[in-house]
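Asker: Numbering-wise, our numbering puts 75 at position 75 of the sequence shown, and it's gapless, one number per residue. Ideal Cβ placement from N, Cα and C applies to all residues, glycine included. Since the structure is predicted, the reported quantities are computational estimates derived from the model, not experimental observations.
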Amino acid sequence: MTKPVILTGLRANNNLTIGNYFGGMLPLIDMAQSKASEYQINMFIPDLHSFTTPIDHTSLYDQIFHTAKVFAAAGLPLDDERINMYRQSYIPAHSELTWILDCFTGFGEMSRMTQFKDKSGNIGTDRTTVGLFNYPVLMAADILLYGAKYIPVGDDQTQHLEFTRDIAERLNTRFGELFVIPESVKKQHEFFGKDQGLRIMDLADPTKKMSKSDNSGKGVIYLSDAPEVAAKKIMSATTDDKALVKFNPTSQPGISNLIEILALLKGEPVSVTAGRYEGETKYGVFKQAVAHEVQAFLTDFQSKLSAVSDDDVASALERSEATMATQASLRLLAVQKAVGLRPRTQVE
Ligand code: ATP
Ligand code: MG
Numbered sequence: 001m002t003k004p005v006i007l008t009g010l011r012a013n014n015n016l017t018i019g020n021y022f023g024g025m026l027p028l029i030d031m032a033q034s035k036a037s038e039y040q041i042n043m044f045i046p047d048l049h050s051f052t053t054p055i056d057h058t059s060l061y062d063q064i065f066h067t068a069k070v071f072a073a074a075g076l077p078l079d080d081e082r083i084n085m086y087r088q089s090y091i092p093a094h095s096e097l098t099w100i101l102d103c104f105t106g107f108g109e110m111s112r113m114t115q116f117k118d119k120s121g122n123i124g125t126d127r128t129t130v131g132l133f134n135y136p137v138l139m140a141a142d143i144l145l146y147g148a149k150y151i152p153v154g155d156d157q158t159q160h161l162e163f164t165r166d167i168a169e170r171l172n173t174r175f176g177e178l179f180v181i182p183e184s185v186k187k188q189h190e191f192f193g194k195d196q197g198l199r200i201m202d203l204a205d206p207t208k209k210m211s212k213s214d215n216s217g218k219g220v221i222y223l224s225d226a227p228e229v230a231a232k233k234i235m236s237a238t239t240d241d242k243a244l245v246k247f248n249p250t251s252q253p254g255i256s257n258l259i260e261i262l263a264l265l266k267g268e269p270v271s272v273t274a275g276r277y278e279g280e281t282k283y284g285v286f287k288q289a290v291a292h293e294v295q296a297f298l299t300d301f302q303s304k305l306s307a308v309s310d311d312d313v314a315s316a317l318e319r320s321e322a323t324m325a326t327q328a329s330l331r332l333l334a335v336q337k338a339v340g341l342r343p344r345t346q347v348e
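#1: Beta-carbon within less than 7 Å of S320's beta-carbon, same chain only, minus the 5 sequence neighbours each way: which residues are those?
#2: Going along the chain, which residues of its own chain have a beta-carbon closer than 7 Å to the beta-carbon of L78, five neighbours each way excluded?
#3: Which one of T53, V70, T105 has the shortest CA to CA distance from N15?
#4: Would you be able to state if there are at least three C-beta pairs under 8 Å between the segment 14 to 31 and the segment 206 to 213?
#5: In chain order, what residues of the same chain have a beta carbon less than 6 Å from the beta carbon of R243, not counting five sequence neighbours either side?
#6: DSSP three-state call for M235: helix, strand or coil?
#7: Pick helix, strand or coil for Q157, following the three-state DSSP scheme.
#8: Distance, Cα to Cα, S224 vs G24?
#9: Counting only the same chain and skipping the five closest in sequence on each side, list residues whose C-beta sits under 8 Å from that of P269.
#10: Is any non-hydrogen atom of the ligand MG found closer than 7 Å to the C-beta of S211, if you look at the structure I gave you?
#11: Is V285 buried or exposed, if buried means 16 or more other CB atoms sit within 10 Å of its CB?
#12: Short of 7 Å in beta carbon distance, which residues of its chain neighbour I123, apart from the five on each side in sequence? Order them along the chain.
#13: Tell me which residues share the same chain as L28 and place their Cβ nearer than 8 Å to its Cβ, disregarding the 5 neighbours each side in the sequence.
#14: For Y277, collect the residues of the same chain with a Cβ closer than 7 Å to its Cβ; drop the 5 residues on either side in sequence, then sort them by chain order.
#15: Is the separation between the beta-carbon of M324 and that of I45 shorter than 8 Å?
#16: If we ignore side chains and look at the alpha-carbon of each, how far apart do I234 and L203 end up?
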């Protein structure tokens with residue numbers, strides 16, 4: 001019996017924030033490790049998805065490799081063969097299945113995707129590519145090639161998951177059981193548990209969330225920030241004039257955000273951190289403590305990152321890519337036979 005598959009993409013981006021680290025990477029790594037005995041874990045780097053919008057291609061390759069290293073530094077075990085970390089473009093079946101699925105996808109169906117409408121609206125018609133239009137089909141191929149049942153999806157991806165289910169059912173109805181149908185969005189939420197709702201806020205404007213694509217970067221702590229620069233960002237974080245360290249995100253968003261950050265760094269509940277500073281009236285003293293902890297965290301993380309061996313990462317990627325290519329090409333061949341591209345008698 002093969003194990004059911006959990007699949008998730010790790011977006012390539014050099015400038016990951018501490019928000020991405022605590023709210024995205026760590027939960028993903030925990031999930032992979034806790035579920036690896038019962039499920040096949042596919043954690044792939046969607047490099048073909050990286051340039052649906054314009055990017056700097058001179059740094060793409062290094063960014064992709066760097067992403068894999070950051071995950072390793074954050075605790076993803078490279079030597080656990082149950083966890084497959086692979087680059088999408090190294091498995092040509094992703095592109096090949098996409099083309100086949102494209103030819104069963106309605107133009108109108110793709111045109112209704114709200115992500116496309118939003119993103120193309122921002123980019124403008126001249127710079128909007130067919131790749132951006134088409135990327136939900138590539139996403140469907142990413143999922144269907146491995147028969148993945150569980151895919152953690154945020155709100156922005158729910159429509160694409162629904163499409164994946166639709167196209168899989170469409171081909172199954174027409175050609176027989178080619179694909180495993182991924183679970184519904186509701187079931188995905190049940191399976192992965194409710195979003196913890198962790199949101200680290202921007203230091204300069206604590207009413208909005210910290211985001212890696214923020215242009216100024218003033219209120220954002222990147223994993224690649226020099227530790228002393230990050231400490232300075234904490235010291236100049238926006239607070240309030242209440243002169244009391246208290247956890248109340250509504251009335252004191254800045255201070256509450258710093259309490260949250262400190263709690264995460266210390267690995268303790270917010271109530272414990274807040275309790276330790278109860279009655280503290282000097283924001284400088286409190287900020288110093290947070291700045292110190294952020295600085296120590298980044299120093300430690302960056303030294304872990306530089307200790308990750310390129311050779312180990314490369315061989316982990318290659319090992320998974322070989323396994324995944326075998327799985328993907330079996331499914332692709334079944335589809336190729338079904339649509340008439342290969343003789344039905346060809347041995348798998
Ligand atoms: P972008 O500005 O490009 O949207 P982002 O920083 O919002 O970048 P995403 O790529 O949208 O990051 O999300 C990556 C992961 O990081 C997701 O799991 C998301 O929930 C998590 N995440 C993003 N921002 C925060 C934040 N401020 N606090 C906690 N988790 C976050
Ligand atoms: Mg985002």
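Answerer: Based on what the coordinates show:
#1: Within the sequence shown, the letter at position 320 stands for residue 320. Excluding sequence neighbours, S320 sits near N84, M85, Y86.
#2: Taking the sequence shown and counting its residues from 1, one reaches residue 78 at position 78. For L78, where only same-chain residues beyond five positions count, the Cβ hits under 7 Å are A72, D312, V313, A316.
#3: Along the sequence shown, one-based indexing puts residue 15 at 15. Distance check between N15 and each of T53, V70, T105 places V70 closest, using alpha-carbon atoms only.
#4: The segment 206 to 213 vs the segment 14 to 31: in contact.
#5: As a first step, residue 243 is located in the sequence shown; it is residue number 243 there, counting from the start. Position check: residue 243 holds Ala in this sequence, whereas Arg was assumed. Correct list, in chain order: T281.
#6: Position 235 of the sequence shown, counted from the first residue, corresponds to residue 235. Note: M235 maps to helix in three-state DSSP.
#7: Counting from one through the sequence shown, the residue named residue 157 turns up at place 157. If DSSP states are grouped into helix, strand and coil, Q157 belongs with the helices.
#8: In the sequence shown, counting from the first residue as 1, residue 224 sits at position 224. In the sequence shown, counting from the first residue as 1, residue 24 sits at position 24. Taking the straight line joining both Cα atoms gives about 16 Å.
#9: Against the sequence shown, residue 269 aligns to sequence position 269. Taken in chain order, the residues that qualify are A263.
#10: Start at 1 with the first residue of the sequence shown, and residue 211 comes out as number 211. Flag set: Cβ of S211 near the ligand MG.
#11: For the purposes of this step, residue 285 is taken as the residue at position 285 of the sequence shown. Result: exposed.
#12: To locate residue 123, count along the sequence shown from 1; it is residue 123. If the five residues before and after I123 are omitted, its C-beta is found closer than 7 Å to the C-beta atoms of T53, all from its own chain and listed in chain order.
#13: As a first step, residue 28 must be located in the sequence shown, where it is residue number 28. For L28, same chain residues with a beta-carbon under 8 Å away, outside a window of 5 residues either side, are T8, L10, M43, P152 in chain order.
#14: Taking the sequence shown and counting its residues from 1, one reaches residue 277 at position 277. Cβ within range, chain order: V245, F286.
#15: Indexing the sequence shown from 1 puts residue 324 at position 324. Indexing the sequence shown from 1 puts residue 45 at position 45. For the 8 Å CB-CB criterion, M324 and I45 do not form a contact.
#16: As a first step, residue 234 is located in the sequence shown; it is residue number 234 there, counting from the start. As a first step, residue 203 is located in the sequence shown; it is residue number 203 there, counting from the start. A direct Cα-to-Cα measurement between I234 and L203 gives close to 7 Å.
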